[in-house]
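Chains as they are written, first to last, in the numbering used here: chain A, 1 to 234; chain B, 1001 to 1234.
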């Protein structure tokens, strides 16, 4: 978390978030702050509640894991405000960026994101699978370093296998892959593997997968993508 | 900068970086630290110098703007170590992620990165233009929210016009675009515009451009990309 985000939380009258994330930052709350923990599925309700309290004149911090602007709560709050005919000024909104899962994962395994990259969520809850598949093909074909968010849930298990098959069509089976779960947390798990063996590891909703580009190499437990396409010995 | 990165700099014996970035964090140096400022073009020399000093047994902090793992210094240091036959352990390396330009830019204009996105550098100094053009086409076709790094330099002015033309082939001319220069710095400049008018604004190497996807909308000076493709009124 950045010092700016920490200060915003410290100054808020109300802190709203998913209970697990609030637990992680409990030490930062100050006496007298209103803390409202909501279950993980109720993102829209959290946004609505935050706006309601802000309209009462309270300063509200909506906490999101990673970067709130990347698949996070910032967009939900702004969407909700927009649907209410918000004028853009009252209530006043500020977005504080943070370290998103692909950065946390990358920093734990080396420097896989040194060249053009993309992020694709494999969750088809709100996005048709055809759109996701189209993006996987585009990313694989155009040799983007690719981070996969939400790769697998208890009920949704086929998407990661399809993603692997698509990448194998365009990229070497030996392409380095990082499978990172709960980066920087006590239960962190890191696996370096290859595209061919991607689905052999333990993968769930807390996992981020990074697939290298054609120049990415594994060296002594580090993943390195060179800056350019010239002068790389391979 | 995260508290973890701040602590790493505070604990280092030597801080190495581009002079302008070192100037920005001057207040964090402690008495007695060795500070080595090198010109902006000498990235490889900075990496080599850092490794040399680390091999003497000193703790060295290599400072990079944004996220050192995204088009930053982390990859150069690891590449250089790799070319020297590094065993992955000595000298010990840690990578501290930070807020990269696309996140800083996004947070200043709303929440454009709420759906799948990619980052493409338009600099063809180390990457053949055909590779970059291929990625632009893939990103435009597959409807990624797209962040363009290094969009224009004094000598390299055509790439951004070509990128605009490619995106206009696949995306609505009214697609929202954010042009953000020096986010969070005193000389910050923010322009919200459209794909059709992208090249009318002032664009240089310190600018990051974010092009929305087909669902991205401008609302009262905020750019919002909805979470999914379902249930968006448009």
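Note that the Cβ used here is the ideal one computed from N, Cα and C, for glycine as well.
I believe residue i touches residue j by the beta-carbon criterion, under 8 Å. Please report the beta-carbon distance rounded to the nearest angstrom.
i: residue 212 (chain A); j: residue 109 (chain A); result: In fact, because the Cβ distance is near 10 Å, the residues do not count as touching under 8 Å.
i: residue 1062 (chain B); j: residue 1025 (chain B); result: That belief does not hold up - the Cβ atoms of residue 1062 (chain B) and residue 1025 (chain B) are roughly 13 Å apart, past 8 Å.
i: residue 151 (chain A); j: residue 1229 (chain B); result: Not quite, the Cβ-Cβ distance comes to about 19 Å (not below 8 Å), so this is no contact.
i: residue 224 (chain A); j: residue 1079 (chain B); result: 6 Å
i: residue 1216 (chain B); j: residue 1176 (chain B); result: 5 Å
i: residue 1160 (chain B); j: residue 1199 (chain B); result: 6 Å
i: residue 111 (chain A); j: residue 1095 (chain B); result: 7 Å
i: residue 1179 (chain B); j: residue 1203 (chain B); result: 6 Å
i: residue 1143 (chain B); j: residue 1189 (chain B); result: About 28 Å; that fails the 8 Å criterion.
What does residue i reach in chain B if we use C-beta pairs closer than 9 Å?
i: residue 121 (chain A); result: 1115, 1116
i: residue 88 (chain A); result: 1219, 1220, 1221, 1222
i: residue 127 (chain A); result: 1115, 1116, 1227, 1228, 1229, 1230
i: residue 180 (chain A); result: Near residue 180 (chain A) there are no residues of chain B at all, since even the closest Cβ is about 12 Å away, more than 9 Å.
Hey, how far is the Cα of residue i from the Cα of residue j?
i: residue 119 (chain A); j: residue 1118 (chain B); result: 6 Å
i: residue 1039 (chain B); j: residue 1205 (chain B); result: 16 Å
i: residue 98 (chain A); j: residue 1132 (chain B); result: 28 Å
i: residue 1233 (chain B); j: residue 1182 (chain B); result: Confidence at residue 1233 (chain B) is low in this model, with a pLDDT of 36, below 50, so its placement is unreliable and the value that follows should be read with caution. So the two alpha carbons sit approximately 33 Å from each other.
i: residue 1008 (chain B); j: residue 1052 (chain B); result: 19 Å
i: residue 1073 (chain B); j: residue 101 (chain A); result: 20 Å
i: residue 1231 (chain B); j: residue 156 (chain A); result: Low local confidence applies: a pLDDT of 44 at residue 1231 (chain B) is under 50, so the model's placement there is unreliable, with the coordinate-based value given in what follows. Distance between the alpha carbons of residue 1231 (chain B) and residue 156 (chain A): 22 Å.
i: residue 115 (chain A); j: residue 1071 (chain B); result: 6 Å
i: residue 19 (chain A); j: residue 1011 (chain B); result: 34 Å
i: residue 185 (chain A); j: residue 66 (chain A); result: 12 Å
i: residue 1134 (chain B); j: residue 105 (chain A); result: 27 Å
i: residue 1248 (chain B); j: residue 1017 (chain B); result: No answer is possible for residue 1248 (chain B): the residues shown for chain B start at 1001 and end at 1234.
i: residue 77 (chain A); j: residue 1084 (chain B); result: 49 Å
i: residue 1069 (chain B); j: residue 130 (chain A); result: 31 Å
i: residue 113 (chain A); j: residue 227 (chain A); result: 9 Å
i: residue 21 (chain A); j: residue 41 (chain A); result: 13 Å
i: residue 1005 (chain B); j: residue 1169 (chain B); result: 42 Å
i: residue 1034 (chain B); j: residue 123 (chain A); result: 48 Å
i: residue 154 (chain A); j: residue 75 (chain A); result: 26 Å
i: residue 137 (chain A); j: residue 1162 (chain B); result: 23 Å
i: residue 222 (chain A); j: residue 191 (chain A); result: 11 Å
i: residue 1103 (chain B); j: residue 1149 (chain B); result: 12 Å
i: residue 171 (chain A); j: residue 141 (chain A); result: 8 Å
i: residue 1201 (chain B); j: residue 1165 (chain B); result: 16 Å
i: residue 46 (chain A); j: residue 90 (chain A); result: 18 Å
i: residue 1087 (chain B); j: residue 220 (chain A); result: 6 Å
i: residue 1082 (chain B); j: residue 1055 (chain B); result: 14 Å
i: residue 1195 (chain B); j: residue 125 (chain A); result: 29 Å
i: residue 1028 (chain B); j: residue 158 (chain A); result: 49 Å
i: residue 121 (chain A); j: residue 1049 (chain B); result: 39 Å
i: residue 187 (chain A); j: residue 1 (chain A); result: 19 Å
i: residue 1059 (chain B); j: residue 57 (chain A); result: 49 Å
i: residue 30 (chain A); j: residue 1037 (chain B); result: 40 Å
List the DSSP bridge partners of residue i.
i: residue 189 (chain A); result: A:181
i: residue 219 (chain A); result: A:222
i: residue 1194 (chain B); result: B:1176
i: residue 1209 (chain B); result: B:1148, B:1179
i: residue 1062 (chain B); result: B:1016
Would you mind telling me which residues of chain A sit closer than 7 Å to residue i, beta carbon to beta carbon, in chain order?
i: residue 1021 (chain B); result: Ordered by position in chain A, no residue passes the 7 Å Cβ test against residue 1021 (chain B), which lies about 17 Å from the chain.
i: residue 1060 (chain B); result: Chain A residues near residue 1060 (chain B): none, gap ~16 Å exceeds 7 Å.
i: residue 1051 (chain B); result: None at all; the shortest Cβ gap to chain A is about 14 Å.
i: residue 1040 (chain B); result: Neighbours of residue 1040 (chain B) on chain A: none; closest Cβ ~15 Å, over 7 Å.
i: residue 1177 (chain B); result: Going along chain A, no residue has its Cβ under 7 Å from residue 1177 (chain B), so there is no contact; the nearest lies around 17 Å.
For a contact meaning CB atoms closer than 7 Å, what does residue i contact in chain B?
i: residue 67 (chain A); result: 1103
i: residue 27 (chain A); result: In chain order: nothing, as chain B lies at least about 13 Å away.
i: residue 79 (chain A); result: 1224, 1226
i: residue 82 (chain A); result: 1219, 1224
Under 9 Å Cβ-Cβ, which residues of chain A neighbour residue i?
i: residue 1075 (chain B); result: 110, 111, 112, 113, 114, 115, 224, 225, 226, 227
i: residue 1239 (chain B); result: Residue 1239 (chain B) lies beyond the residue range present for chain B, which begins at 1001 and ends at 1234; the question has no answer from this structure.
i: residue 1003 (chain B); result: 1, 2, 3, 6
i: residue 1063 (chain B); result: Here the premise fails: no neighbours, minimum Cβ distance about 15 Å.
i: residue 1160 (chain B); result: Within 9 Å Cβ-Cβ: nothing; residue 1160 (chain B) doesn't reach chain A, min ~16 Å.
i: residue 1015 (chain B); result: Near residue 1015 (chain B) there are no residues of chain A at all, since even the closest Cβ is about 19 Å away, more than 9 Å.
Note down, in chain order, every chain A residue with its Cβ under 8 Å from the Cβ of residue i.
i: residue 1135 (chain B); result: 116, 142, 143, 144
i: residue 1095 (chain B); result: 106, 107, 108, 110, 111
Are any of the Cβ atoms in chain C nearer than 7 Å to that of residue i?
i: residue 1070 (chain B); result: As a matter of chain content, chain C is missing from the structure shown, whose protein chains are A and B.
Using a Cβ cut-off of 8 Å, pull out every chain B residue sitting near residue i, in sequence order please.
i: residue 138 (chain A); result: 1138, 1139, 1141, 1142, 1144
What do you reckon, is the C-beta of residue i under 6 Å from a heavy atom of the ligand ADP?
i: residue 1073 (chain B); result: For the ligand ADP, the structure offers nothing, since it holds no ligand at all.
**Q.** Complete runs of the alpha helix (DSSP H) confined to the stretch 14-56 of chain A [at least 4 residues]
**A.** 19-24, 43-55
Q) Which full runs of the beta strand (DSSP E) of 3+ residues lie inside the stretch 71-125 of chain A, going along the chain? A) 117-121
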